[in-house]
Every structure is written in structure tokens, then in C-alpha cells.
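The block underneath contains the structure these notes are about, expressed in C-alpha cells.
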Amino acid sequence: MARATPHRVGLIGHPVDHSRSPAMQQAAFDALRLDIQYELWDTTTGDLRKRIEALRQPDMLGANVTIPHKIAVMPYLDSLSSTARHLAGAVNTIVREETPHGVRLIGHNTDTTALLRILDEQRVWRPDLRALVLGAGGAAQAALGAILARGGQPWVAARKRSDARQALDSLYARREEAARDASASATSASGVFFAGAFTAPDHLKSYALSLDDLDAIAQALAETRLLINATPVGTRDPMASPIPIDLLRRLPRDAFVLDLVYNPPETAVVRAAHAIGLRATGGFSMLLYQGAESFTLWTGFEAPLATMRAALEAALQSEA
Ligand code: NAP
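Just so you know, we're using our numbering here: the sequence shown kicks off at 1299 and counts up by one.
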């Protein structure tokens, strides 16, 4: 339910001035005639705690969180959705809630749920789906959580194989924590949970690859039904790809390719996948869907998706 008095939402990060969230969210607030202002709150690590405490004020609805604070904010919140805590291991949206016991700040992760929305829409899931994630940073963790949430089997390829292994170790550690925390579903706010049995495969290490090991990548691609680029390679460079583009020919005919890079709208990876007849999309929908879910979490209203899409397209075009 929307609240009656003027309210504020903002983006907590450092830096924040490049963000498209203000344009997208303000357009949505205005379209629904909600008296809410979206602000940019550039916040250093030293000021983070104070910034989060300020969200308890009555005029606050919540916040988005971006680099470098998505993990650092977690201890300052009162509770976490299972999506944020276990699937993503990070928070990108905070909601202020008034309860009979006082104000509570709840952390969510709408990057992961946006990814799930796209992959559900594309009907990629099948038993034991093999998915290869390129990159081992924050977006890769959101993708890995989404894959495990639907019972998929993730591989990770990073510049350093040790980073790929660490990304998988951290994913499976969160899943084990979810299993140990018998009360997790009762104590955390709503969210997506892991599918399947809570056991890490013994052969886990063999799923961590180096982006330089092209033989291993080629072999993995031959079994990959879902390929996700979670590196920034391709950003503002329509010719750049994190793996040699010809290797995409190794993918099965029914594979789906998702490039999280949204600028340009059609990256080299997406273009090459289309050229060989594969289904593929760039990162625009993820950006839109994560914003739409944050909007709903703050306001209780269904997000005006067409308005948000148009505002986002305009913001991206203006920087192209
Ligand atoms: P991050 O935490 O900095 O992680 C980036 C990952 O990519 C790291 O594993 C990094 O490896 C790797 N990488 C960087 N440069 C590379 C290169 N030249 N070749 C191969 N690997 C490279 O960043 P992130 O938050 O995960 O974001 C990754 C990308 O996803 C960005 O382009 C971001 O814009 C996009 N993204 C899109 C959405 C969306 O809504 N569409 C949401 C989140 C993120 P090293 O440690 O070796 O550098």
C-alpha cells in the first residue's frame, strides 16, 4: 500500500552519478502520481552506517544499493530476504517497514529475481541444466544463485581460475548455510529459495574454468544450455567478447545466451548468437526488471513497465 505523505528513495553507492535508476524510477513514481523523490546518495565506506541509519526516518521508503556497498550493507539491516542472503549473497534494494515492534530495514536482491524472471520467460529450465557463467564478480553471483534456485548445474569461467573456484565455493557455502539455518524461511522476508537437495557436488572444482583455457571452454560450451556473460566485456564496444566469438558455434542449437551488458543493446556476443540461430538477449531487460521489482517493494504497486522501459531507453540513448 502506498503511503500518503511525501517520501524519499535513493541510490547508495560510490560513485552514483552514472546511474539510470533515477530516470527510470522517477518516471514510474510520476506516472502513478506518487509523491516520491528518487535521489542520488553518494556514500563512502566510512559513511555507510550513518547513511543506512538515516533510512529509518519517517520520510524514507528505502534505497537501491550499488557498487561498492552491496555486501557491506548487509550487517546494518534488520533482516534479509532469502534471495539476498542465500541466492545472491548481496543486497541491491532496501525497504523500510513499520511494524508493531518499530521500524525495520529489510534487504532484498532484485538482480537475482530479475534474472529469474527473464530465464523463466525464456523457458530455459530443464532437469540438470548446464549453465556457464563468464565472470566471477557480483553479477556472476546473482546469476549463479538464480541457476541453483532452479536446480541448474553452474560452471564458472574467470580470468583467474582461482576466482572461478572461489565464486562456486561461496555459492555452495551459502546454500549449505541455508540448509543449516533451519529457521531461515521463517525468519527471513519472502524471496526465492534454492531448489533441490542441499549437497555440494564432490566434483565441484571441475566446474571452475579459466577464460584462457579455450579447450576447456569449448568442451564446456558443447554441453551448455545457458550461457551468461557476467563480465563487463562488450560495454560500449560492439566488437568485444569475453571469449573468441567463433566458440559460440559449439553451443547446442537449443542453448540460450544472455549478455548482462546493456550498452550497446546488441553486444558482439548477442549478435554472434543470433547469427548462428540461437536465442539471445542483452542486459536491458534485467536492468528494467530489477528496477520494476524494487519499485513494487517500495510502493506496493505494480510497476508501470512501459513507462520505465521508455525512460530507461531514453537515458541509455542520451549517453550513447
Ligand atoms: P564486478 O563485480 O566488477 O565483476 C566483474 C567480473 O568480470 C570479474 O570476474 C572480472 O574479473 C571480470 N572481468 C572484468 N574485465 C574482464 C575482462 N577484460 N575479461 C574477462 N573478464 C573480465 O562487476 P559486476 O557487478 O559483476 O558486473 C559485471 C557486468 O555485468 C558489468 O558490465 C555490469 O554492467 C553488468 N551488470 C548488468 C546488470 C543488468 O541489470 N543488466 C546488472 C548487474 C551487472 P577480474 O577480477 O579478473 O577483473
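Think of the CB as a built atom: it goes at the ideal place given N, C-alpha and C, for glycine as much as any other residue.
Under 8 Å from any heavy atom of the ligand NAP, does the C-beta of residue i make it?
{"i": "V1371", "result": "no"}
{"i": "T1259", "result": "Because residue 1259 is not part of the residues shown, which for the chain are 1299 to 1618, the question remains open."}
{"i": "P1540", "result": "yes"}
{"i": "M1358", "result": "no"}
{"i": "G1436", "result": "yes"}
{"i": "R1457", "result": "yes"}
{"i": "Y1505", "result": "no"}
{"i": "P1313", "result": "no"}
{"i": "M1593", "result": "Looking at the sequence shown, residue 1593 is not Met but Phe. No."}
{"i": "I1365", "result": "yes"}
{"i": "Q1420", "result": "no"}
{"i": "Q1323", "result": "no"}
Provide the residue span of the alpha helix (DSSP H) that contains residue i, from first to last.
{"i": "S1616", "result": "1603 to 1617"}
{"i": "W1596", "result": "1582 to 1597"}
{"i": "H1305", "result": "Careful: H1305 lies outside any alpha helix (DSSP H), inside the beta strand (DSSP E) at 1305 to 1311."}
{"i": "R1478", "result": "1459 to 1478"}
{"i": "S1319", "result": "1319 to 1329"}
{"i": "G1443", "result": "1436 to 1447"}
{"i": "R1347", "result": "1346 to 1352"}
Can you say whether residue i is buried or exposed, counting buried as having 16 or more other CB atoms within 10 angstroms of its CB?
{"i": "P1542", "result": "exposed"}
{"i": "G1598", "result": "exposed"}
{"i": "S1380", "result": "buried"}
{"i": "K1368", "result": "buried"}
{"i": "H1406", "result": "buried"}
{"i": "A1573", "result": "exposed"}
{"i": "V1422", "result": "buried"}
{"i": "P1313", "result": "exposed"}
{"i": "P1356", "result": "exposed"}
{"i": "Q1615", "result": "exposed"}
{"i": "M1537", "result": "exposed"}
{"i": "S1460", "result": "exposed"}
{"i": "G1436", "result": "buried"}
{"i": "I1365", "result": "exposed"}
{"i": "A1612", "result": "exposed"}
{"i": "L1512", "result": "exposed"}
Span of the beta strand (DSSP E) holding residue i?
{"i": "P1452", "result": "1451 to 1456"}
{"i": "Y1336", "result": "1334 to 1340"}
{"i": "H1406", "result": "1400 to 1406"}
{"i": "G1575", "result": "Counting along the chain, G1575 falls outside any beta strand (DSSP E), and DSSP gives it neither H nor E."}
{"i": "R1394", "result": "1391 to 1397"}
{"i": "R1383", "result": "Note, R1383: premise wrong, no beta strand (DSSP E); not H, not E."}
{"i": "D1557", "result": "1554 to 1557"}
{"i": "G1532", "result": "Premise fails: G1532 is in no beta strand (DSSP E) and is neither H nor E."}
{"i": "L1507", "result": "1506 to 1508"}
{"i": "A1361", "result": "1358 to 1363"}
{"i": "A1429", "result": "1428 to 1432"}
Are the segment 1304 to 1313 and the segment 1350 to 1361 touching, with three or more C-beta to C-beta distances below 8 Å?
-> Output reads yes: the segment 1350 to 1361 touches the segment 1304 to 1313.
The segment 1518 to 1527 contacting the segment 1420 to 1439, beta-carbon criterion three pairs below 8 Å = Short answer: they touch.
Can at least three beta-carbon pairs, one atom from the segment 1575 to 1593 and one from the segment 1546 to 1562, be found at a separation below 8 Å?
-> Here the segment 1575 to 1593 makes contact with the segment 1546 to 1562; the two share three or more CB pairs at distances below 8 Å.
Counting Cβ pairs closer than 8 Å, one from the segment 1407 to 1419 and one from the segment 1440 to 1450, do we hit at least three?
-> Judged by Cβ distances under 8 Å, the segment 1407 to 1419 makes contact with the segment 1440 to 1450, as three or more pairs qualify.
May I ask you to verify whether the segment 1467 to 1476 touches the segment 1554 to 1570, counting CB pairs closer than 8 Å and requiring at least 3?
-> With fewer than three CB-CB distances shorter than 8 Å, the segment 1467 to 1476 does not count as touching the segment 1554 to 1570.
Is the segment 1388 to 1396 in contact with the segment 1529 to 1547, if contact means three or more CB pairs nearer than 8 Å?
-> Taking 8 Å as the limit for Cβ pairs, the verdict is that the segment 1529 to 1547 does not touch the segment 1388 to 1396.
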